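In the numbering used here, the protein residues as written are 206 to 972.
Idealized CB from N, CA, C, for every residue including glycine.
Since this is a predicted model, take the numbers as computed values, not measurements.
What follows is one structure encoded as structure tokens, with my remarks underneath.
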Amino acid sequence: MPRQTEPVQIVELIQPRCARRFGDAIEPYGPPALTKANLDAIAAGELDRAASVLFHAQVGFPAPWSAADGVIWEQGGAGDGAYLGVTDGALVFRAGNGSTAAGTEKTAMVSVDGSALAGLTVRIRAEISVGAGSVTLSVFRLDGRRLLEARHVAAAGFTLWAGTDGGAIGRSSSPSGVPVGVSHETFTGTIGEVHFYAGDFSGGCTATTAMGPRCYNTWGTCLARKAYDGSGEIAWRFAKPGQALPRLYRHTGETVGTDPLPLLSSVSVRSSKINVAAIRNGEKPLGVTGGCTVTLSDAAFDDYVGDWYVAERRRRDGSFWTKWTARNPFFGTMRLRIHEGFAGQPLEEMSARLYLLDSVDGPDSDGRVTLSGVDPLRLTDSKRASFPRETEITLKADLDATGTVVRVVARDSADLADSFGNTARRYITLGSEIIGYDGYADEGNGIYLLSGVGRGELGTEAGTHDADDACQRAGRYEQMDAWAIAHDLIVGHTAIPAEFVDAAAWEAEAGVYLQGYRFSRTVSKPVAVNVLLGELMRDGTFYLWWDERAQTIPLKAVRPEVGTAVLTDATDFVAGSLKMERVPDERISRVFVYYNPIDPTASDDATNFRHLRGRIDAEAELEDAGAEVLTKTIYSRWIVADTHADEMLQRLLARFSAVPRYLTATLVGDDHRIGAVVDVTTRLDVDSEGAERTRRWQIISAQQVRAGETTQYRLQEFIYQGSRYGGWMADEAADYSSEVAAESLVVGWWSDEDGLMADGAEGYNWQ
206 MPRQTEPVQI VELIQPRCAR RFGDAIEPYG PPALTKANLD AIAAGELDRA
256 ASVLFHAQVG FPAPWSAADG VIWEQGGAGD GAYLGVTDGA LVFRAGNGST
306 AAGTEKTAMV SVDGSALAGL TVRIRAEISV GAGSVTLSVF RLDGRRLLEA
356 RHVAAAGFTL WAGTDGGAIG RSSSPSGVPV GVSHETFTGT IGEVHFYAGD
406 FSGGCTATTA MGPRCYNTWG TCLARKAYDG SGEIAWRFAK PGQALPRLYR
456 HTGETVGTDP LPLLSSVSVR SSKINVAAIR NGEKPLGVTG GCTVTLSDAA
506 FDDYVGDWYV AERRRRDGSF WTKWTARNPF FGTMRLRIHE GFAGQPLEEM
556 SARLYLLDSV DGPDSDGRVT LSGVDPLRLT DSKRASFPRE TEITLKADLD
606 ATGTVVRVVA RDSADLADSF GNTARRYITL GSEIIGYDGY ADEGNGIYLL
656 SGVGRGELGT EAGTHDADDA CQRAGRYEQM DAWAIAHDLI VGHTAIPAEF
706 VDAAAWEAEA GVYLQGYRFS RTVSKPVAVN VLLGELMRDG TFYLWWDERA
756 QTIPLKAVRP EVGTAVLTDA TDFVAGSLKM ERVPDERISR VFVYYNPIDP
806 TASDDATNFR HLRGRIDAEA ELEDAGAEVL TKTIYSRWIV ADTHADEMLQ
856 RLLARFSAVP RYLTATLVGD DHRIGAVVDV TTRLDVDSEG AERTRRWQII
906 SAQQVRAGET TQYRLQEFIY QGSRYGGWMA DEAADYSSEV AAESLVVGWW
956 SDEDGLMADG AEGYNWQ
């Protein structure tokens, strides 16, 4: 038996798969609710008349067709009844009210010429949907090709498709046991075994395109991709050989989780690293994205799990990964979840990290396979996401500088219709001109006439253009919060699943700490989303990262921390793991920002901006301080207000005017998260008298050293070292008292002129 404290890892490869079953368009996969033979009676209670039902059978029609009249299946009678059969040469399928030959508003009925079926043996699928109040009749050749299909919906619907009378196969249960106007004769053809299925089975693989061998419910093996439904899922689970293998198999609907396969060799994870203020040299604006590498071995696999149709296939030898890679040539939406815990611990209680599957290498000649996972923010880079996206639009005819009749040729009307920003008006960039429009008319052949045209908008000038000149949709945000723009970029213009962005948590953080400034910008050509996010974080004083444990993208303002953990040499750090580092290359003594661009299509040049603000730390540039002039120049296309520019400059100098310091430390466990702020007391950090001091640091990365045992943290000295910072409070908030202050997370009362509160406590500082 494994020890309860034995650390274990279980890796899940979460693979979307088709929720349909091969053959749904003819016969559903799975056991039928009722099976009957020709001439069998159907008792009143054997089928639920208030629920949807599907009939399937192989039927041979007689020749000549004149001898084909008769019952194939009937249930109920002239009150409410269902009927499938041939009447006066027509193939009839009806359900609901049976009181008249033509039916009533509560009858669904199809009647088609069936003479082409004379002498043929076919498969009949006849479906009654109570929810839709409809009948659907489909006839297929034995090779799966559809011969006919018809559907009808009762005008008033029905709640019962047949009455309480019994029914029969191939005959009538009684002369009066069929709806009015249909043949009650015994069918003279042949009827094979009849299967009834309970429920609705609409949709599914169309027989005309799903020819050939049964699929493996993957996109790569799908023979009817227009019918593909990727809402199903299978979680392939892997553990190390010799590790305890718990029973984890789960099957709910089209979602499957396997028992662990003993193929796991090793797991390594790479921590994210946040770039606070998106200004650290040598890093992308979003910092360093995290990831993982999972190494596995290959082994023989007989498809005992994961293949719905294994019993119908000829047995084939092969290994797990050779088969898996052949069946899954595409894996852009797959995920890797790494569970870490202890033997005997339930899977859902283990710590879990989530990544997107980026690549699968192997198997090689040794059977080794490597899976690489990345954090979802990787999907914002230039290869994967831009705003606005590339649009394939050209000018239809020459256009002078005054013309407002603008025709364009577009491959897809969505390139003209989709929103890029928050304005109802849409824009296209044509050379150095931006043209605005309100809508368009489709003139056919991919030609569209723009309406509500405005020339030379958003700070550009109208010019002359030639037919076939390229047009590119432009994006426009007006008077939006920076964090709200970031949310729109991630959710609306990348492949990052919306579930990874906790909108409520973003709004809660922004509602307290990110109020006051609105951004506006025109994006005249495609720009990588990660670049735009980096600019927004820099100018909007917040930051984003991927939290692989919470499996979300948090948003956090650059702000004081309300409560912090305390770490010391004596109780927390692994011996010998502390390292203090100073990075003088990141220091700045003066910073300037150009903002409010003149021409949104022009480059980032000082002459293209209306305003300039600067801030200098003069003391840091004195000769006695080193006499270094270290300048940071920013070109911001987002900032529009002077006060906003001043605040950004102040925060940047506060953080980077002194040489930035970083601390590396290893701790037992993995309790601390990226973005958290901690108070650290260590002998490596002392005041001018040599006494240890407590300083506030922010965790910017958390690298696992040994799974479940130790973690190496990298921390950056925090901008806010005090503990009494104020924030905006509601008008109805209580007056100051030490008790109220202790119970509130965000507070801010005015102090007396001496900087103290009425009870002598220290006053609050503005953030």
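Look at the beta carbons and you see the segment 836-851 touching the segment 714-730: at least three pairs across the two are nearer than 8 Å. Where Thr812 is concerned, there is no enclosing beta strand (DSSP E), because DSSP gives it neither an H nor an E. Asn422 is the residue among Cys427, Asn422, Gly492 and Arg430 whose C-alpha sits nearest the C-alpha of Thr460. In the DSSP assignment, Phe797 falls within the unbroken beta strand (DSSP E) covering Arg795 to Pro802. If the five residues before and after Ser477 are omitted, its C-beta is found closer than 7 Å to the C-beta atoms of Gly492, Val493, Thr494, Gly495, Asp580, Trp750, Trp751, Ile879 and Ser906, all from its own chain and listed in chain order. The Cβ neighbour count for Met314, taken over all protein chains shown within 10 Å, is at least 16; the residue is labelled buried. The C-beta distance from Val910 to Arg787 rounds to 24 Å, too long to meet the 8 Å contact threshold. By the CB criterion at 8 Å, Ser782 and Thr871 fall inside the cutoff.
Collapsing the DSSP output to three states places Gly336 in coil.
The alpha-carbon of Thr498 is positioned some 28 Å away from that of Leu694. In terms of Cβ geometry, Val358 and Phe260 do not form a close pair [threshold 8 Å]. The Cβ neighbour count for Ala667, taken over all protein chains shown within 10 Å, is at least 16; the residue is labelled buried. Between the segment 513-531 and the segment 583-593, the count of C-beta pairs closer than 8 Å stays below three; the two stretches do not touch. Across the set Thr699, Ile640 and Leu244, the C-alpha of Ile640 shows the shortest separation from the C-alpha of Ala606. Going by DSSP, Lys489 is part of no beta strand (DSSP E) at all; its letter is neither H nor E. Boundaries of the alpha helix (DSSP H) around Glu714: Ala708 to Tyr718. In the assembly as shown, Asn735 is a buried residue. Its beta-carbon has 16 or more other beta-carbons within 10 Å. Only residues of its own chain outside the window of five on either side were considered, and among them Ile439, Ala440, Trp441, Arg442, Leu453, Tyr454, Val510 and Gly511 have a CB closer than 8 Å to the CB of Thr463, listed in chain order. In the DSSP annotation of this structure, His544 is not part of any alpha helix (DSSP H); the continuous beta strand (DSSP E) holding it starts and ends at Arg540 to Phe547. Residue pairing by DSSP puts Asn302 in a beta bridge opposite Asp285. Taking a C-beta distance under 8 Å as the contact criterion, Thr769 and Arg594 do not qualify as a contact pair. Distances from the alpha-carbon of Gln220 to those of Ser436, Asp673, Arg678 and Cys420 put Ser436 closest. Taking C-beta separations shorter than 7 Å and ignoring five residues to either side along the sequence, the partners of Leu741 in its chain run Ala687, Ile690, Ala691 and Trp843, following chain order. Here Pro534 carries a coil assignment [DSSP, helix/strand/coil]. By alpha-carbon distance to Glu826, the top candidate from Asp804, Ala850 and Ser794 is Ser794. DSSP places Gly739 inside the alpha helix (DSSP H), whose first and last residues are Val734 to Gly745.
Scanning its chain for C-beta atoms nearer than 7 Å, with the 5 sequence neighbours on each side dropped, one finds around Thr628 the residues Arg681 and Glu683, in chain order. Relative to Tyr514, the option among Ala896, Arg225, Ser304 and Val883 whose CA is nearest is Arg225. Closest in C-alpha terms to Gly697, from the list Arg376, Gly626, Asp617 and Pro236, comes Gly626.
By the neighbour-count criterion, in which a residue is buried when 16 or more other Cβ atoms sit within 10 angstroms of its Cβ, Lys784 is exposed.
Secondary structure note for Ile652: its beta strand (DSSP E) is the uninterrupted segment Ile652 to Ser656. Among the bridge pairs identified by DSSP, Leu428 is matched with none. Counting along the chain, Trp688 sits inside no beta strand (DSSP E); it lies in the alpha helix (DSSP H) bounded by residues Ala687 to His698. Runs of the alpha helix (DSSP H) lying entirely within the segment 835-906 and spanning at least 4 residues, in chain order: 847-861. Pro237 sits in coil when the DSSP states are folded into three classes, being neither helix nor strand. Inter-segment contact for the segment 648-662 and the segment 698-711 is absent: fewer than three beta-carbon pairs are separated by less than 8 Å.
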